[in-house]
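Report on the following structure.
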Amino acid sequence: MALKVELKPGERIILGECVITNSDQRARLLIEGETPILREKDILTAETADTPAKRIYLAVQLMYTSKDARAYHEIYFKLVSDVLKAAPSTWPLIESVNNHILAGEMYKALKEAKKLIAYERELVDHALHRNGEPSGAPHARSA
C-alpha cells in the first residue's frame, strides 16, 4: 500500500537521504517501498536542535534517515547520559526511545523523542514559574 503525502507549495520532505522541496503548487505524492520519510514539520536541523532533548531527537532523526544508524549511536548515548544526569525523571521516556532503537523501530523512536522534547519544555516552564518568571516570558535557551 502506498503512502499518500500532500505537499504545500515550498514544503520540504526527507525521502531516504534526499531532501525534496515542492515547487510553487500543491503536489500529491504516492510513495511505495520501505524508505525513511519525514515531513518538514518533523525535521530538525543542527540550528533548530537548541535544547538537549532536541539534540537527542536530531540524533534519532539521523539514525532514522541514515543507511547506518550505528554511526550515530555514540553521540546519541552521550546526549542521553548528559540528559539523565541533569534530569533523572526523563528516564521512562528515554527508556522508551532506547527500546524502539534496539528493536529497529526508528520512526517510533522519533515519536517518543518528541514526547521527550515536550517533557523538557514542561520542566523548563515549571522551573521558570517556580523562580517567579511568568510562564510565557522569553528566557535563555537550555544548553
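Going by the working numbering, the first residue of the sequence shown is number 1041, and it counts up by one from there. For every residue, glycine included, the Cβ atom is placed at its ideal position computed from N, Cα and C. Source: prediction; values computed, not measured.
Using 10 angstroms around the beta-carbon of Leu1156, count the other beta-carbons present and answer buried if the total reaches 16, otherwise exposed. Mapped onto the sequence shown, residue 1156 falls at position 116. Answer is buried; the Cβ neighbour count reaches 16.
Mind reading off the beta-carbon distance from Lys1048 to Arg1068? Whole number of angstroms is fine, and I expect it under 8 Å. By 1-based counting over the sequence shown, the position of residue 1048 is 8. By 1-based counting over the sequence shown, the position of residue 1068 is 28. No, Lys1048 and Arg1068 are not in contact; Cβ-Cβ is about 11 Å, not under 8 Å.
Considering only the alpha carbon of each residue, which of Ile1115, Val1164, Ala1042 and Gly1050 lies closest to Asn1081? Reading the sequence shown from its first residue, position 41 is the one you call residue 1081. First, the amino acid is wrong: residue 1081 is Lys here, not Asn. Among Ile1115, Val1164, Ala1042 and Gly1050, the Cα nearest to that of Lys1081 is on Gly1050.
If you compare alpha carbons, which of Ile1115, Arg1170, Arg1110 and Thr1130 is closest to Ala1143? Here the question's residue 1143 lines up with position 103 in the sequence shown. Ranking the options by Cα distance to Ala1143, first place goes to Arg1110.
With a CB to CB cut of under 7 Å and the five nearest residues on each side skipped, what residues in its chain are close to Ala1099? Locating residue 1099 in the sequence shown gives position 59, where the first residue counts as 1. Excluding sequence neighbours, Ala1099 sits near Tyr1112, Ile1115, Tyr1116 and Leu1119.
Please state whether DSSP places Leu1102 in a helix, a strand or coil. In the sequence shown, the residue the question calls residue 1102 occupies position 62. In this structure, Leu1102 counts as helix in the three-state DSSP scheme.
Mind checking which residues open and close the beta strand (DSSP E) that includes Glu1080? For the purposes of this step, residue 1080 is taken as residue 40 along the sequence shown, with counting starting at 1. Premise fails: Glu1080 is in no beta strand (DSSP E) and is neither H nor E.
According to DSSP, which residues form a beta bridge with Leu1070? The residue you call residue 1070 lines up with position 30 of the sequence shown. Per DSSP, Lys1044.
Taking the Cβ atom as the reference point for each residue, do Leu1084 and Ile1054 lie within a distance shorter than 7 Å? The residue you call residue 1084 lines up with position 44 of the sequence shown. The residue you call residue 1054 lines up with position 14 of the sequence shown. No, the pair does not count as a contact, with Cβ atoms beyond the cut-off.
Quick check on this structure: which residue in Glu1145, His1166 and Ser1121 has the alpha carbon closest to the alpha carbon of Arg1095? Numbered from 1 along the sequence shown, position 55 holds the residue referred to as residue 1095. Of the listed residues, the one whose Cα sits closest to Arg1095 is Ser1121.
Find the nearest neighbour of Asp1064 within the set Glu1072, Ala1086, Pro1128 and Arg1052, judged by alpha-carbon distance. Indexing the sequence shown from 1 puts residue 1064 at position 24. Checked all of Glu1072, Ala1086, Pro1128 and Arg1052; the closest Cα to Asp1064 is Arg1052.
Minimum Cβ-Cβ distance from Leu1078 to chain D less than 7 Å: No chain D is present in this structure, which holds just one protein chain.
Which parts of the stretch 1116-1152 are runs of the beta strand (DSSP E), unbroken and 3 residues or longer, counting only runs that do not cross its ends? none
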